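A.B. asks: Here it is, the structure, as C-alpha cells.
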Amino acid sequence: MKWEMMNLDWFNKEGAKVHIVDTTLRDGEQTAGVVFSNAEKIQIARYLDQIGVDQIEAGIPVMGGFEKDCIREIVDLGLKVSIMAWNRAVISDIKESLSCGVDAVAISISTSDIHIQYKLQTTREDVLRRMADAVKFAKDNGVYVSVNAEDASRSDIDFLTEFALVAKHAGADRLRFCDTVGILTPLSTFRYIRTLKDAVGIDIEMHTHNDFGMATANALAGVYAGANYVGVTVNGLGERAGNACLQEVIMGLKYLMRVDMPQDTKLFREVAEYVANASGRTLPVSKPIVGSNIFAHESGIHGDGVLKNPLNYEVFSPEEVGLERQIVIGKHSGTAAVKAKFMEYGIELTEEEARDILARVREMSIELKRPLFDKELRLIYEDYRKERG
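This is the structure in C-alpha cells:
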C-alpha cells in the first residue's frame, strides 16, 4: 500500500480539490435516442448548480439554432457554476462559443493514430498545429481552455505527451484525457495519467466511458494518479454504455478515497429521476447510489443487522442521497424484520406470532413471486388472529 499512499499526497495537501465537470447537456444528450427540450436543459443546469458541480458543459454552439439559444439562456441564468461550450479545433467553432458568453471552452481533436488516419485523414503534425492555433485564439479572447485529447487511451504515449506539452505551451488550462471507447482498466489508467502528470505537469480531467463497466473505477484511478478534474453525467448517460456517473464518482471520491467533496448529495435521487424522465431512460432499481433498491433490505440476516445498526449493511445513510430505508417483507425475511414491520402498524408481535406469520408470508411470497405489500401483511395478520380465536 505504500505506493498508493505516496500518490495520494497531492490531494491530501491543504486546499487540494477534485473538480466535477458535468457534461449531461452535451455528452449525455449524445446518447442515441435522447433529446432534451430547452426547458429541460435549463432545469438540469439549475439542478447541477444546486448540487455544486464546478463546471457545466452546456452544449455545442456551432450547431446553431435552438442549441445556441439554449446555451445563451443558461449563461444568462447567472449561476455560480462555470459554463463551458464544446468545440472542434476550429476557430470558427470557438467564435460561435464566444458569442454565447461562456467563460470556458473545450477544444477537441483526436490523438490516436487510428483516428488521425481514418477519421481526420491527416497527420500528427497537423493535429498539433490545429490544436495550438485554436488554443491561442481562445486564450487571446480571455476564456478558460480545456484541450480534449479524443481517443487518448488508444494513443501513442510519446505523442500524447507531446500533444499535452504543446497544449500547455499554447496556454491551455487543462488536458481532458478521453477514454473514448472505454478500453482502459484502473491499472492502465493509473500508468497513463501518472506518466502525463510527471512529464507535463498540467491539470488533467478524466473523461471515461463505460463500455466495459469501468468508467467510475477508471475515473477514480485517474484521481489516484494525479488527475484533479473528473467529467461525469447524471445517471451515467452517454454514448453507447455511457459515461462515468456523477452520483457514483462523487460518492466514490467521498467515501472510498476520503476526498472532501462539498456537493449537496441530498438532491441526487430527485435529479436522477428528473434526468431519467427527461431522457426517456428508466432508472434501474439497482442503480448504484440512487436506485430504489440500494436501501431496501429483505434478507433475514441483513434486515436484522440493519435494524440493530444501519452501518452493518450501509456505508452512508439513505437521506444523504435523497432516499429512504425500506425493510422489505418477503420470502427471505426473518422474524426481526416482521416484528419491526408490524410495530409500524402499532402491533407488537410475540416471537411465536412472528414465526407463525413469517411462515405464511414466505408461502404467499413464493406463490406471488414477490415481496408482500402492507395490505397483504395486515390481511395475513387478521386471518391469523381469527384462526387463533
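Quick note on numbering: the sequence shown equals residues 1 to 389 in my numbering.
Backbone N, C-alpha and C define an ideal beta-carbon position, used for all residues, glycine too.
Being a predicted model, the structure only gives us computed values, none of them experimental.
Using a 10 Å radius around the Cβ and a threshold of 16 neighbouring Cβ atoms, would you call S436 buried or exposed?
C.D. replies: Residue numbering for the chain in the displayed model covers 1 to 389; residue 436 lies beyond these limits and cannot be assessed.
A.B. asks: Give me, in chain order, the residues of the same chain whose beta-carbon lies closer than 8 Å to that of I42; leave out the 5 immediate sequence neighbours on both sides.
C.D. replies: If we look at I42 and ignore the five residues flanking it on each side, its Cβ neighbours are C70, E73, I74 and L77.
A.B. asks: Any idea which residues DSSP pairs Y229 with across the strands?
C.D. replies: For Y229, which the question treats as bridged, DSSP gives the partners H19 and E205.
A.B. asks: Would you say A172 and F163 are within 8 Å of each other, going by their C-beta atoms?
C.D. replies: Cβ distance not < 8 Å, so A172 and F163 don't count as in contact.
A.B. asks: Leaving out the 5 sequence neighbours to the left and right, which residues in its chain are closer than 6 Å to L98 when beta-carbon positions are compared?
C.D. replies: So the qualifying residues of the chain are N141.
A.B. asks: For G52, which residues of its own chain have a beta-carbon under 7 Å away from its beta-carbon, when the five flanking residues on both sides are left out?
C.D. replies: Taken in chain order, the residues that qualify are P262, Q263 and D264.
A.B. asks: Any idea if I301 is buried or exposed, counting beta-carbon neighbours within 10 angstroms, 16 or more meaning buried?
C.D. replies: Exposed.
A.B. asks: Quick test of your reading: V21 and Y229, contact by CB under 8 Å. State the CB separation rounded to the nearest angstrom.
C.D. replies: Rounded, the Cβ-Cβ distance is 6 Å, consistent with contact.
A.B. asks: Grab me the residues of E248's own chain with a C-beta within less than 6 Å of its C-beta, minus the 5 sequence neighbours each way, in chain order.
C.D. replies: These residues qualify, in order along the chain: T216, P288 and I289.
A.B. asks: P61 by DSSP, collapsed to three states: which one?
C.D. replies: Here P61 sits in helix by DSSP.
A.B. asks: Give the range of the beta strand (DSSP E) segment to which Y144 is assigned.
C.D. replies: That run of the beta strand (DSSP E) goes Y144 to E150.
A.B. asks: In the DSSP assignment, the beta strand (DSSP E) including V105 goes from what residue to what residue?
C.D. replies: First-last of the beta strand (DSSP E) with V105: A104 to S110.
A.B. asks: DSSP three-state call for S279: helix, strand or coil?
C.D. replies: DSSP places S279 in helix when its eight states are reduced to three.
A.B. asks: What residue range is occupied by the uninterrupted beta strand (DSSP E) comprising I83?
C.D. replies: Run containing I83: S82 to R88, per the beta strand (DSSP E) assignment.
A.B. asks: R88 and S110: beta carbons closer than 8 Å?
C.D. replies: No, the pair does not count as a contact, with Cβ atoms beyond the cut-off.
A.B. asks: Please say whether D103 and V143 have beta carbons closer to each other than 8 Å?
C.D. replies: Yes, the pair counts as a contact, with Cβ atoms nearer than the cut-off.
A.B. asks: Compute the Euclidean distance between the alpha carbons of G213 and A241, then round it to the nearest angstrom.
C.D. replies: Those two C-alpha atoms are separated by around 8 Å.
A.B. asks: Given a cut-off of 8 Å on the beta-carbon distance, is the pair V338 and L358 in contact?
C.D. replies: Taking 8 Å as the Cβ cut-off, V338 and L358 qualify as a contacting pair.
A.B. asks: On a Cα-Cα basis, can you pick out the residue from I202, L128 and N243 that is closest to D179?
C.D. replies: For D179, the nearest C-alpha among the options comes from N243.
A.B. asks: In chain order, what residues of the same chain lie with their CB nearer than 6 Å to the CB of L220, ignoring the 5 residues before and after it?
C.D. replies: Only G252 meet the Cβ criterion.
A.B. asks: If you follow the alpha helix (DSSP H) that D374 is part of, which residue opens it and which one closes it?
C.D. replies: That run of the alpha helix (DSSP H) goes D374 to E387.
A.B. asks: Count Cβ pairs between the stretch 52-63 and the stretch 114-127 that sit closer than 8 Å; are there 3 or more?
C.D. replies: In short, these stretches do not touch, since the Cβ pair count stays below three.
A.B. asks: Using CA coordinates, which residue listed in N277, R355 and G201 is at the minimum distance from A167?
C.D. replies: Measuring from the Cα of A167, the nearest candidate turns out to be G201.
A.B. asks: Starting from H297, follow its DSSP beta bridges and name the residues at the other end.
C.D. replies: Beta-bridge pairing links H297 to I327.
A.B. asks: Which residues bound the alpha helix (DSSP H) around F36?
C.D. replies: Unbroken run through F36: none, as it is neither H nor E.
A.B. asks: Does Q55 come out as helix, strand or coil in the three-state DSSP assignment?
C.D. replies: Looking at Q55 - three-state DSSP - the assignment turns out to be strand.
A.B. asks: Check for me: the beta strand (DSSP E) holding F177 runs from which residue to which?
C.D. replies: Start and end: R174 to D179.
A.B. asks: For F177 versus Y224, is the C-beta distance shorter than 8 Å?
C.D. replies: Their beta carbons are not under 8 Å apart, which means F177 does not touch Y224 by this criterion.
A.B. asks: Ignoring anything shorter than 3 residues, give me the beta strand (DSSP E) runs that lie fully in the stretch 116-144, in order along the chain.
C.D. replies: List check, beta strand (DSSP E) in window: nothing returned.
A.B. asks: Taking G291 as the reference, which of M206, T282 and L349 has the closest Cα?
C.D. replies: Nearest C-alpha to G291: T282.
A.B. asks: When you compare each of S146, E352 and D374 to R388 by their alpha carbons, which one comes out closest?
C.D. replies: Of the candidates S146, E352 and D374, the one whose C-alpha sits nearest the C-alpha of R388 is E352.
A.B. asks: For Y192 and I157, what's the separation of their Cα atoms in angstroms?
C.D. replies: Answer to the nearest angstrom: the Cα atoms are 8 Å apart.
A.B. asks: State the DSSP-derived secondary structure class of N218, mapped to helix, strand or coil.
C.D. replies: N218: helix per DSSP, three-state reduction.
A.B. asks: Check whether the Cβ atoms of M206 and G231 lie closer than 8 Å to each other.
C.D. replies: Yes, these two residues count as a Cβ contact at 8 Å.
A.B. asks: Here's the rule: buried if 16 or more other CB atoms are within 10 angstroms of the residue's CB, otherwise exposed. What is E29?
C.D. replies: Answer is buried; the Cβ neighbour count reaches 16.
A.B. asks: According to DSSP, which residues form a beta bridge with N312?
C.D. replies: Answer is none; N312 lacks a bridge partner.
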